[in-house]
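What follows is a set of notes on a single structure, which appears directly below.
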Amino acid sequence: MIPILANQVVVLDFETTGLSPDNGDRAIEIGAVKLVNGQIVDTFQELINPGRRVNSFIEQYTGISNEMLKHAPASKQVMGQFAKFIAGFNLVAHNASFDKKFLDAEFSHNKLHYTGQFACSLLLSRRISQDAPNHKLGTLVDHHQLPNDGVFHRALADATMTSHLWLYQIEVLQQQLPKQAITIDIINKISSLPKAQIARYLRTMS
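Printed below as a string of structure tokens:
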């Protein structure tokens, strides 16, 4: 039975060769943070050899060089380890549709599966942090004054910042719904509503 509470999740982030696995793009790094009762209890980080060179833009954007990837393990090894890491947990990512596409593609390549559902801190931010200048991860970290080490576009650093954002978001919802346990289902419901309906939904839940 997968925990339904939103503070018991694996927060993950991929760095990739491009924007879409449908165009043949592959993962080059995965980072993840395991939260139990709102505390970081474990982390996962691995480079992944995509089987081909990455372009100079991706090298500069991520700081991950072809030389680093040449010696990295293959997707089959990393995804096999990651499948064990996420077993029994729901999953969170910032712009989760992107990370879910790559997780699904890498798991499909390696005949793996997972049972948790995804939630998206970006979609949630658009509903409950409407005063933010925008909803990029770095902007939200600054806007909410969340912990960070100044590193962006590396998988574990971004997953760690997303976990701090996620816990902040749970805290905001808990203040508005003091009698409710904040679950993944509640968050996914809020994330799917038009912004104009959020206040009414929260009133009906409180």
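Taken in order, the sequence shown gives residues 850 to 1055; the numbers are from the working numbering. The beta carbon of each residue, even a glycine, is placed where N, CA and C say it ideally should be.
Alpha helix (DSSP H) containing residue i: first to last residue?
i	result
F951	945-958
K919	915-919
M1054	1047-1054
Specify, as a first and last residue, the run of the beta strand (DSSP E) that residue i falls within.
i	result
L861	858-865
A936	Unbroken run through A936: none, as it is neither H nor E.
Using the three-state DSSP reduction, which class does residue i fall into: helix, strand or coil?
i	result
G929	helix
D874	coil
F906	helix
N898	strand
K1038	helix
I1033	helix
K841	Shown here, the chain extends from 850 to 1055; a query on residue 841 therefore has no answer.
Quick test of your reading: residue i and residue j, contact by CB under 8 Å. State the CB separation rounded to the nearest angstrom.
i	j	result
F906	A1004	Their Cβ separation, rounded to whole angstroms, is 17 Å, which puts F906 and A1004 out of contact at 8 Å.
D885	T1009	This sequence places Val at residue 885; Asp is not what is there. Rounded, the Cβ-Cβ distance is 15 Å, inconsistent with contact.
Y1017	L995	6 Å
L940	V859	5 Å
V990	L971	So it is not a contact: roughly 13 Å between Cβ atoms.
Measure the alpha-carbon distance for residue i versus residue j and round it to whole angstroms.
i	j	result
I1033	I853	6 Å
I851	A1030	15 Å
Y910	K919	18 Å
T865	R875	6 Å
H962	A1045	36 Å
R902	S924	15 Å
L1022	G900	43 Å
D998	K985	17 Å
P922	D980	42 Å
I889	Q857	10 Å
A942	Q926	22 Å
S1041	P982	21 Å
G937	E895	20 Å
A968	G873	25 Å
N944	K960	24 Å
K950	G867	12 Å
For this session: Run through the segment 957-1023 for me and flag every whole alpha helix (DSSP H) of 4 or more residues, listed as ranges in chain order.
Result: 970-977, 986-992
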